[in-house]
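One structure below.
Numbering (this note's numbering), first residue to last: 10 to 819.
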């Protein structure tokens, strides 16, 4: 009977099947990709540390590492010793300067993990040779035989590129690799990470002997150190995977609601069939069990398809990651028995559980009541009262948890959000029809089709609520992310404006900036605005500073609107590094001494302005004496490449021995990270939204199929096909509009709670709620279009049915 029923209504189960396939596939792909990332990290760590039999860490200063290296080399059981060095330094490539990471190449071949992908590795005794990672060589268009200039330890070293090294992605991976001897005895070049040792005998015995003379350093066998490095390398992957599983849980939750709605509407259509089964002797429990069994079977099919889909996605994901980020270590996706069984069993359990409540309602219905047509559904029943009571409890408990979450407990806040949202969903049979009823005056202005659509939306509140729920979920999820991200982004930008108000500054400490430099900076590609600031040296309090005069053009290129550009004529802005005043208190005055005598000015300490003080240009003129250009400020265009601008301006500054500073690259890096996090979050939520949209189309289709007889009656009474299609479209638009408005409101509320909770300990002050009205309008428009698109096929199908055939349809 179960198989026959599913064959008969196969097309109506498609959306529920898709929901479980997508949700299960999401979990499987996460498991497989996480396994591939862990395997890739393990391979990278093994490549770099697999040759070590003993390792030493935590020795402290480079001299302590050097002492331990000598003692280890003197041990009769030691075959080779190497120190792993690391550092960051400025390198001038052919396309401009950049700060990069440095790594060391072991002198002992037995402990050397790098292999030349092209050319050769630098000679172990050379001080003028270097190898580049393949990604760095490609990014900066460097070939074997080219030269780069390394600026470290107060000196510039011209190095010849002898070869490239394929990046392994492990803890020792760097952009440039120098021989180990280049670091020895030069504390300013780098810092030692660890000491690795190859033994000719018992590694444990060597470790014990070395441990006795190691002091505070930690000595362990190579196998133990390798396991420790594996754990550190995969810890971040595991944390990220757990965060993604939160979104997988959301997808399962949305899928369960779609499945429950599908079974609710489908069983309403099959009420006569089920009633006939009861009439011929089927028990309530048998009917209910058969429906749950249908759900379980649907879950089995969907879970198996989801496992196959998820594994396919993981294979494609590894290929894409290798293409987009070659430095990221990735192994081959693998599925363990647990990685397959857990999501599959979850899919089956969720589907069966989602079908349980509709099954109980179907089994508990009286056969005679089911056989009689019911045009109006009454929600003021015992079950309705229980539903409202449960909603009230969930809203109270969830609301309390959300409030507690604001106190600093993110998990409690998340649980509160889920409970309160379920409470809202339980209230949709009351809330949605009430809102649609309020929209009646608008619908009635749209003619007969509008009036019929409005009345149809109110005739069956549960059907209307079931149809609206899926879209409500999707709009709520997207709105919460969009509003939350906009609020966090606004806070981050405000903080960046405070700490880095000026993109780039070219300054001279005690002399003028040449006019040639000003002209060259103006000509830099990507420079939006450039201002030359006059200045002079003055005694400011207990400090001697360069005082710059900022005119309106200079103030206009400053980021933010409440720091530098509100500079008053009697104010002076001091760098935070200044010792002009012992304390930084609002309204503190400082004495500025120039050739014209002392002046009392109100002082404010400001971040991100370099080492000079700033006054208005008109104020600088009153100080008398000769002035000269002491600084050039630059603001980059919004679409410019920050690193290219930084490289161009740095090259200009180096030619005249000027200092280049500013927050351009740091601002760009932070905003890029924020954009990536937002894109990943929206991408992960898109899975849940996709399931919700499938649910919208499914519930609209099923609701149209459920009303074949009443639609045919309208056709028989004179409503033409276009009128029927218009009625169904307006009905879908009504439900979609109400769902979208409710979703935006709920999403905004949850975004506020989320921002307040997540920002604790991150920002000094809590971010304010920022509404991206353009994006909100787009969400509303897309929601309306989704509702209209979902009703196109059902409306066409309904319009094709002849009135006579529809009136006798079962």
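Glycine included, each C-beta is placed from N, C-alpha and C at the ideal position.
A quick note: this is a predicted structure, and the numbers were derived from the prediction, not measured.
Whether residue 425 touches residue 526 by CB criterion (9 Å)
No, the Cβ-Cβ distance between residue 425 and residue 526 is not below 9 Å.
When the Cβ atoms of the region 643-654 are set against those of the region 484-502, are three or more pairs found closer than 8 Å?
Output reads no: the region 484-502 does not touch the region 643-654.
Rounded to whole angstroms, how far is the Cβ of residue 63 from the Cβ of residue 212, which I believe are closer than 8 Å?
6 Å
In terms of alpha-carbon separation, which member of 139, 545 and 598 lies closest to residue 125?
Nearest option by C-alpha distance: 139.
So what's residue 369 in DSSP terms, helix, strand or just coil?
helix
Could you check what DSSP says for residue 341 in three-state terms: helix, strand or coil?
coil
Assign residue 68 to one of three DSSP states: helix, strand, or coil.
Here residue 68 sits in coil by DSSP.
Residue 4 vs residue 802 beta-carbon contact at 9 Å:
Because residue 4 is not part of the residues shown, which for the chain are 10 to 819, the question remains open.
Since residue 782 is in the alpha helix (DSSP H), which residue starts that stretch and which ends it?
782-809 is the span of the alpha helix (DSSP H), which, as asked, contains residue 782.
When 737, 580, 481 and 122 are compared against residue 464, the one with the closest alpha-carbon
737
Closest Cα partner of residue 522 within the set 505, 540, 534 and 512:
540
Residue 239 in three-state terms, based on DSSP:
helix
Reduced DSSP category for residue 642 - H, G, I as helix; E, B as strand; rest coil:
If DSSP states are grouped into helix, strand and coil, residue 642 belongs with the strands.
Can you list, in chain order, the stretches of the alpha helix (DSSP H) that have 4 or more residues and sit fully within the region 99-179?
Counting only runs of 4 or more, we get 143-148.
Rounded C-alpha distance that separates residue 514 from residue 46:
42 Å
Using a Cβ distance threshold of 8 Å, determine whether the region 441-448 contacts the region 395-408, with at least three qualifying pairs required.
no
Backbone secondary structure at residue 387 - three-state DSSP
With a pLDDT of 49 at residue 387, under the threshold of 50, the modelled position of that residue is not reliable, and the figure given next carries that caveat. Correct three-state label for residue 387: coil.
Would you kindly work out how many angstroms separate the C-alpha atoms of residue 811 and residue 728, rounded to a whole number?
12 Å
Roughly how many angstroms lie between the CA atoms of residue 721 and residue 733, to the nearest whole one?
Spanning the two alpha carbons is a distance of roughly 9 Å.
Cβ-based burial, residue 506 [other Cβ within 10 Å; buried from 16]
A residue is called buried when at least 16 other Cβ atoms come within 10 angstroms of its Cβ; residue 506 meets this threshold and is buried.
Taking the straight line between their C-alpha atoms, what separation do you get for residue 385 and residue 265?
Residue placement at residue 385 is poorly supported in this model, since its pLDDT is 45, which falls under 50; the coordinates still yield a value, given next. So the alpha carbons of these two residues sit roughly 27 Å apart.
Would you list the one or two residues that DSSP bridges to residue 552?
549.
Who does residue 96 pair with in a DSSP beta bridge?
111
Exposed or buried, which one is residue 512 when buried takes at least 16 other CB atoms within 10 Å?
buried
Any 3 or more C-beta pairs closer than 8 Å across the region 87-95 and the region 207-221:
yes
Rounded to a whole number of angstroms, what is the C-alpha to C-alpha distance between residue 361 and residue 430?
If you take the alpha carbons of residue 361 and residue 430, they lie about 22 Å apart.
Spatial neighbours of residue 146 within its chain, please: C-beta separation below 6 Å, excluding the five flanking residues on both sides.
173
For residue 504, the three-state DSSP class (helix, strand or coil):
Three-state result, residue 504: helix.
Between residue 824 and residue 137, how many whole angstroms is the CB-CB distance? I'm expecting something under 8 Å.
The displayed coordinates of the chain run from 10 to 819. Any statement about residue 824 would go beyond what the structure contains.
Starting from residue 599 and walking both ways along the beta strand (DSSP E), at which residues does that stretch end?
598-603
Cβ separation of residue 311 and residue 766, assumed to be a contact under 8 Å, to the nearest whole Å
About 34 Å; that fails the 8 Å criterion.
Round the Cβ separation of residue 302 and residue 493 to the nearest angstrom and send it over; I've been treating them as touching at under 8 Å.
Their Cβ separation, rounded to whole angstroms, is 41 Å, which puts residue 302 and residue 493 out of contact at 8 Å.
Local conformation of residue 558 per DSSP, three classes:
strand
On the DSSP bridge list, what partners appear for residue 494?
Residue 494 is not bridged to any residue.
Cβ distance (whole Å) where residue 122 is taken to contact residue 56 below 8 Å
6 Å
For residue 610, I'd like the list of residues in its chain whose CB is within less than 7 Å of its CB, leaving aside the five on either flank, ordered along the chain.
579, 580, 581, 598, 599 and 601
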